[in-house]
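Each remark here refers to the structure printed beneath this line.
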Amino acid sequence: MTLRRTLLALATVGALAITATAAQGSTAGDGSADPFAGATITELSKPTPSWYTDALHAKAVAAAKNGAGVAIPDGVDYPTSGLAFTGIRPGAWMLFPAGCTLNFVFGSQGSYHIGTAGHCTEVGEEVTIVAAPGVLMNIGKTVKSVDGDIGNDFALIQIYSSMQQHVRPSMAYFGGPTGAGSPQLGDVVEHAGHGVVIGTGGTPRAGVVVYRGEGDSSGSDAFAWDGAASPGDSGSPVRLADGNAAGDLTHLVVGGKYVPGVIAGTSIARMLRIAGKPLATAANLPDPL
411 MTLRRTLLAL
421 ATVGALAITA
431 TAAQGSTAGD
441 GSADPFAGAT
451 ITELSKPTPS
461 WYTDALHAKA
471 VAAAKNGAGV
481 AIPDGVDYPT
491 SGLAFTGIRP
501 GAWMLFPAGC
511 TLNFVFGSQG
521 SYHIGTAGHC
531 TEVGEEVTIV
541 AAPGVLMNIG
551 KTVKSVDGDI
561 GNDFALIQIY
571 SSMQQHVRPS
581 MAYFGGPTGA
591 GSPQLGDVVE
601 HAGHGVVIGT
611 GGTPRAGVVV
621 YRGEGDSSGS
631 DAFAWDGAAS
641 PGDSGSPVRL
651 ADGNAAGDLT
661 HLVVGGKYVP
671 GVIAGTSIAR
681 MLRIAGKPLA
691 TAANLPDPL
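Take any residue in the sequence shown, note its place counting from 1, add 410, and you have its number in the numbering used here.
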């Protein structure tokens, strides 16, 4: 992401946080060829921090072979508010190859995979997360990545067999997902991501769905909601208030028919088609451990 795009996203999140009424009258699937025409669309990833060096990455990779993590170096200042929810789980902080957030767990016990946004990682890349306060884990490699803009943006990470013991399908803060839902106009949605400033440490947030329908590309399945997001939130798991998965968070949309802006992502239905694996579910109660 360029510095200009990062600054643009940071400049708009304040308005989004204060003005939670964007396009409340919009209808899903209104026949528009591009529902986000005329808007500025920004991917919400951020760079890997400079303290995560090649040498530290090599240590994390070596430790993963034994199912272990490595310590974050002394003197590194990083947020910890959301890290009481430990392990490889929906809402975990992805540090490398980009600063993003992990979403839902897919597959079955012993062969789990986990998702993030497609623009956060390419096929073959190793993925490192902050799995607990002070602990880094290199968790696996990306095996699928679709970066097709809004409504078609998802990546699947195959978790190493040595790291399967650390997987928790339960979403940070909220619990669930209890199943795969279908976000519709007016539904309340919830997410927890690691966006700079407003999402630092995995802050939980909520909003109301203002759009559901086709996204920017053929075969896409998008939804959008009002609320607040910033760079680092890309990939965040989004759930409905009833506990069902809604999709993932991928973009900030500013202008066009949505004033001042909305958050947008890919539906869980589209994510499941890309993953080719079932959604791993959890009780609708927070499970920190």
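Here a beta-carbon is modelled for each residue, glycine too, at the ideal position from N, C-alpha and C.
Residue i - partner residues in DSSP beta bridges
i, result
"Ala634", "Tyr621, Ala674"
"Pro399", "What the structure shows of the chain is the stretch from 411 to 699, and residue 399 is not part of that stretch, so it cannot be assessed."
"Phe495", "Paired residue(s): none; Phe495 is not in a bridge."
"Trp503", "Thr511, Val540"
"Ile569", "Gly550"
"Ser555", "Ala565"
"His523", "Phe516, Gln568"
"Pro489", "Paired residue(s): none; Pro489 is not in a bridge."
Exposure of residue i, with buried meaning 16 or more beta-carbon neighbours within 10 Å
i, result
"Pro641", "buried"
"Pro445", "buried"
"Asp559", "buried"
"Ala701", "Because the chain in this structure spans residues 411 to 699, residue 701 falls outside the shown range and cannot be described."
"Ser646", "buried"
"Ala655", "buried"
"Ala473", "buried"
"Val599", "buried"
Same chain, Cβ closer than 7 Å to residue i, five either side skipped, listed in chain order
i, result
"Thr691", "Pro579, Pro587, Thr588, Gly589"
"Asp557", "Gly528, His529, Asp563"
"Gly657", "Pro593, Phe633, Val648, Gly675, Thr676, Ser677, Ile678, Met681"
"Cys510", "Ser455, Met504, Thr526, Ala527, Cys530, Gly642, Ser644, Gly645"
"Val471", "Glu536, Asn548"
Cβ neighbours of residue i in the same chain (closer than 6 Å, five flanking residues each side left out)
i, result
"Pro614", "Tyr583, Ala602"
"Asp631", "Gly561, Ser677, Ala679, Arg680"
"Asp652", "none"
"Ala634", "Val620, Tyr621, Val672, Ala674"
"Asn694", "Gly585, Gly586, Thr588, Gly653"
"Thr552", "Thr531, Val533, Glu535, Ala565, Ile567"
"Val545", "Gly479"
Between the CA atoms of residue j and residue i - distance to the nearest angstrom
i, j, result
"Val515", "His604", "18 Å"
"Gly525", "Ala565", "6 Å"
"Pro688", "Gly520", "14 Å"
"Ile451", "Val648", "19 Å"
"Met547", "Lys456", "19 Å"
"Gly591", "Ser460", "38 Å"
"Gln594", "Tyr522", "29 Å"
"Pro500", "Val577", "9 Å"
"Asp440", "Gly596", "Confidence at Asp440 is low in this model, with a pLDDT of 43, below 50, so its placement is unreliable and the value that follows should be read with caution. Roughly 15 Å separates the two Cα atoms."
"Ile549", "Asp464", "16 Å"
"Ile684", "Lys554", "8 Å"
"Pro670", "Ala449", "10 Å"
"Ser627", "Asp643", "22 Å"
"Ala616", "Ala638", "8 Å"
"Ala447", "Gly625", "10 Å"
"Gln575", "Ala502", "15 Å"
"Pro698", "Ile482", "21 Å"
"Gly612", "Leu650", "18 Å"
"Asp487", "Leu454", "22 Å"
"Thr437", "Gly623", "With a pLDDT of 35 at Thr437, under the threshold of 50, the modelled position of this residue cannot be trusted; read the value that follows with caution. Between Thr437 and Gly623, the C-alpha separation is close to 9 Å."
8 Å Cβ cutoff, residue i in contact with chain B
i, result
"Asn562", "The chain inventory of the structure shown lacks chain B, comprising one protein chain alone."
Closer than 7 Å: residue i CB and nearest the ligand NAP heavy atom
i, result
"Val606", "The ligand NAP is absent from the structure shown, which contains no ligand whatsoever."
* Inter-stretch contact (C-beta, 8 Å, three-pair minimum) for the segment 530 to 537 and the segment 478 to 485 -> no
* Are the segment 657 to 666 and the segment 493 to 500 touching by the rule of at least three beta carbon pairs closer than 8 Å? -> no
* Would you call the segment 500 to 513 and the segment 531 to 551 touching, i.e. three or more CB-CB distances under 8 Å? -> yes
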